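Here's the structure, in structure tokens; my notes come after.
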Amino acid sequence: MRIFVAEWMKTRHTILHRLVLLIPLFCSLAVLGYAAYRKNSFSLAFFYQGFFLIWSAVLLPLGVGILTGILVHEEEEAGNFYGLLQCSRKRSSLYLGKFSAALVFLTGSTFLTTLIISTGLCFLLQKERGVGLFLTAACLAVCGVLPVLAVHLWISFAFGMGASVGVGICGLLLAVLLGSTSLGDHIWYAVPWTYPVKMAMFPMAFSMFPENMRTEAEKPFVLAFALSLVLSVLILAGSMLWFEKWEGRGGNR
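Going by UniProt numbering, the first residue of the sequence shown is number 1, and it counts up by one from there.
Written as structure tokens, this is what we have:
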């Protein structure tokens with residue numbers, strides 16, 4: 001917890017804190033403004049699918065690349081990682097602190113955006129239920145992005161912010177093409193960037209499927225959930241072991 005608090009204090013005067021608030025406000029205003037204009041034309045399911053497609057397949061992959069890149073770049077700017085590498089605490093704890101800070105930023109932004117949008121949509125469309133469905137999808141999207149977050153944190157340390165953002169852009173394209181279209185029906189499970197969109201779409205799809213078809217709807221969700229947990233643990237554990245012997249970019253690894 002002390003390491004996490006230290007990470008939070010380090011980022012107080014960076015753009016991260018502002019992004020966590022500004023992105024939810026901007027996205028919420030955009031979605032709710034469109035919903036207010038076209039509220040008689042589309043259902044809650046339409047806005048659900050549209051929002052989570054954009055958030056899970058576009059903003060999350062790109063956002064993770066930028067977020068981890070900034071967190072690590074701050075350490076690089078402060079003496080080329082000297083303070084981090086010379087700290088008396090275990091390297092694995094410091095690495096886990098970075099991962100936890102990135103996860104908190106990501107989760108906070110996702111839930112704040114989802115809560116504002118779902119509450120506004122239920123009010124505009126006069127739907128009594130819907131907030132719980134949106135928040136469930138947001139939780140699943142965050143679970144799905146865990147292995148991607150672990151990958152990007154390692155990339156940010158090993159290769160820098162530019163590489164992390166570049167991979168995030170590639171992940172965005174993969175998530176859109178393979179996670180939200182029929183192109184990836186047989187290979188999406190091999191691409192972790194598709195997990196958030198696959199998992200976020202499940203609650204609404206499950207609620208709309210007839211009972212005799214729900215078993216088929218559960219299969220990709222269960223697979224994505226299991227793969228997300230297993231891969232995130234393996235990637236994070238491997239990255240922490242790598243970080244124990246890391247001596248900075250350009251040093252002996």
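For each residue, glycine too, the CB sits at the ideal point set by N, CA and C. Only a predicted model underlies this, so the values are computations on that prediction, with no experimental measurement involved.
Using the beta-carbon count (16 or more within 10 Å), is GLU75 buried or exposed?
buried
Nearest neighbour of LEU231, chosen from GLY132, SER156, SER41 and TRP193 [CA to CA]
TRP193
Distance, Cα to Cα, ALA61 vs LEU146?
According to the sequence displayed, residue 61 carries Pro and not Ala. Taking the straight line joining both Cα atoms gives about 11 angstroms.
To the nearest angstrom, how far is the alpha carbon of ASP185 from that of LYS198?
11 angstroms
Kindly indicate which residue of LEU85, PHE52, SER92 and LEU153 has the alpha-carbon position closest to the one of LEU115.
Per the Cα distances, PHE52.
Could you check whether LEU32 and GLY166 sit closer than 7 angstroms to each other, using their CB atoms as the reference points?
no
Rounded C-alpha distance that separates PHE99 from ILE155
12 angstroms
Taking 8 angstroms as the limit between beta carbons, can you name the residues of its chain near ALA217, skipping five residues before and five after?
PHE202, ALA205, PHE206 and PHE209
Distance check for PHE81 and ALA141, CA to CA, integer angstroms please.
Between ALA141 and PHE81, the C-alpha separation is close to 32 angstroms.
Who are the near neighbours of LEU125 in its chain, counting only those whose CB is closer than 7 angstroms to its CB and skipping five residues on each side?
LYS39 and LEU44
Secondary structure at LEU25, three-state DSSP: helix, strand or coil?
helix
Does DSSP put LYS198 in a helix, in a strand, or in coil?
helix
Enumerate in chain order the residues of its own chain whose CB-to-CB distance from VAL176 is below 6 angstroms, with the five nearest sequence positions on each side excluded.
ALA57
Taking the alpha carbon of LEU241 as the point to measure from, which residue in ARG12, ALA150 and ALA226 has its own alpha carbon closest?
ALA150
Have a look at PHE225 and GLY144 and give me their C-alpha separation to the nearest angstrom.
One C-alpha to the other measures close to 7 angstroms.
Hey, out of LYS127, CYS122, HIS152 and SER118, whose CA is closest to THR136's CA?
SER118
May I have the straight-line CA-CA distance separating PHE42 from PHE105, to the nearest angstrom?
32 angstroms
Nearest CA to the CA of TYR48: which residue from VAL233, ALA200, LEU236 and LEU223?
Closest option to TYR48, judged by alpha-carbon separation, among VAL233, ALA200, LEU236 and LEU223: ALA200.
For CYS87, collect the residues of the same chain with a Cβ closer than 7 angstroms to its Cβ; drop the 5 residues on either side in sequence, then sort them by chain order.
LEU94
Three-state secondary structure assigned by DSSP to VAL104
helix
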